[in-house]
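Colleague: Just passing along the structure, written as structure tokens.
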Amino acid sequence: MDLQGSLSCLTLQPHRKISKLLIIFLQKELRKLSPVFFQEMGDATLSEFTLKTGRRVDLIALSRSQHITIVEVKSSLTDFSSDKKWQNYLDWADQFYFAVAENFPVERLADEMRCGILITDGFDTHILREAPLRKLPTQRRTHLIRRLAFAAMTRLSA
Numbered sequence: 000m001d002l003q004g005s006l007s008c009l010t011l012q013p014h015r016k017i018s019k020l021l022i023i024f025l026q027k028e029l030r031k032l033s034p035v036f037f038q039e040m041g042d043a044t045l046s047e048f049t050l051k052t053g054r055r056v057d058l059i060a061l062s063r064s065q066h067i068t069i070v071e072v073k074s075s076l077t078d079f080s081s082d083k084k085w086q087n088y089l090d091w092a093d094q095f096y097f098a099v100a101e102n103f104p105v106e107r108l109a110d111e112m113r114c115g116i117l118i119t120d121g122f123d124t125h126i127l128r129e130a131p132l133r134k135l136p137t138q139r140r141t142h143l144i145r146r147l148a149f150a151a152m153t154r155l156s157a
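The following block contains the structure:
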């Protein structure tokens with residue numbers, strides 16, 4: 000089943016168990032598409048990266064110019080509304096994005112101007128709204144890049 004097929008099923012199936020399974024499927028698909036978007040721009044990415052604070056981000060991207068971007072995947076409005084931790088990620092990236100499917104009610108993100116929005120149709124990912132640039136302090140950037148290198152090397156050797 001492709002992502003677009005899952006989106007139409009998500010709106011047609013009222014059964015709670017089926018909806019939960021489709022949301023899990025949608026989250027996995029969004030998590031696959033977000034890294035591809037950044038990798039196509041030449042960035043390196045890590046999924047499920049744990050920050051020094053102990054919080055785990057869905058995706059972190061590092062550009063060749065050491066620009067750091069964090070992406071949180073939101074599969075539904077409920078997922079977004081129940082997430083109270085994403086604000087903690089703002090201090091750990093130059094830019095922060097939400098990645099959502101094309102049927103996500105993006106108008107609900109309109110008030111949150113600290114964040115950019117990535118939107119996907121299941122095949123391509125596009126920037127719907129550019130995230131504001133907030134330069135990380137040099138010491139934090141250096142620390143974060145070292146943690147990224149260690150995490151990537153650990154995953155490669157596993």
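The sequence shown begins at 0 in numbering that gives the first Met the number 0 and counts up one residue at a time.
Glycine residues also receive a C-beta, built at the ideal position from the N, C-alpha and C atoms.
(1) With DSSP as the reference, label H125 as helix, strand or coil.
(2) Suppose the cutoff is 6 Å on Cβ atoms and the five residues either side in sequence are ignored; what does the same chain contact list for K73 look like?
(3) Would L143 be called buried (16 or more neighbouring beta carbons within 10 Å of its own) or exposed?
(4) Fully enclosed by the segment 58-95, which beta strand (DSSP E) runs are 3 residues long or longer?
(5) Using alpha carbons as the reference points, say which of I69, M152, T137 lies closest to A92.
(6) Alpha carbon to alpha carbon, what distance is there between Q94 and R113?
(7) Whose CA, out of E129, K51, K84, lies closest to the CA of A109?
(8) Mind checking which residues open and close the beta strand (DSSP E) that includes L48?
(9) Please tell me whether, using a cut-off of 6 Å, the distance from the CB of A109 to the nearest non-hydrogen atom of the ligand PLP is below it.
(10) So for R133, helix, strand or coil by DSSP?
(11) Give the single residue among P34, M40, G115, L45 whose Cα lies nearest to the Cα of T153.
(12) Under 7 Å between C-beta atoms, does P104 make it to chain B?
(13) Helix, strand or coil for F103 per DSSP?
(14) For G53, count neighbouring Cβ atoms within 10 angstroms of its own Cβ and tell me buried if that reaches 16, exposed if not.
(15) Are the CB atoms of D57 and P39 within a distance shorter than 7 Å?
(16) Relative to the C-alpha of Q86, which residue among S64, R63, V105, G115 is closest?
(17) What residues are listed by DSSP as bridge partners for A98?
Modeller: Checking against the coordinates, here is how it stands:
(1) DSSP, read as helix, strand or coil, puts H125 in strand.
(2) Only F79, F97, V99 meet the Cβ criterion.
(3) Buried, because 16 or more other Cβ atoms sit within 10 Å of the Cβ of L143.
(4) Segments of the beta strand (DSSP E) lying fully in the segment 58-95: 67-72.
(5) Of the candidates I69, M152, T137, I69 places its Cα closest to the Cα of A92.
(6) One Cα belongs to R113, the other to Q94, and the distance between them is close to 9 Å.
(7) Among E129, K51, K84, the Cα nearest to that of A109 belongs to E129.
(8) The sequence as given places Phe at residue 48; Leu does not occur at that position. Where F48 is concerned, the enclosing beta strand (DSSP E) stretches over 43-49.
(9) This structure does not include the ligand PLP; it has no bound ligands of any sort.
(10) Per DSSP, reduced to three states, the secondary structure at R133 is coil, with no helix or strand assignment.
(11) Measuring from the Cα of T153, the nearest candidate turns out to be L45.
(12) In summary, chain B is missing from the structure at hand, where a single protein chain is found.
(13) Annotated three-state conformation of F103 is coil, per DSSP.
(14) It is exposed - the Cβ of G53 has fewer than 16 other Cβ atoms within 10 Å.
(15) Sequence check: residue 39 is Glu here, not Pro. In this structure, E39 lies away from D57, with their beta-carbon atoms at least 7 Å apart.
(16) The residue from S64, R63, V105, G115 with its alpha-carbon nearest to that of Q86 is G115.
(17) Bridge partners of A98: V72, L117.
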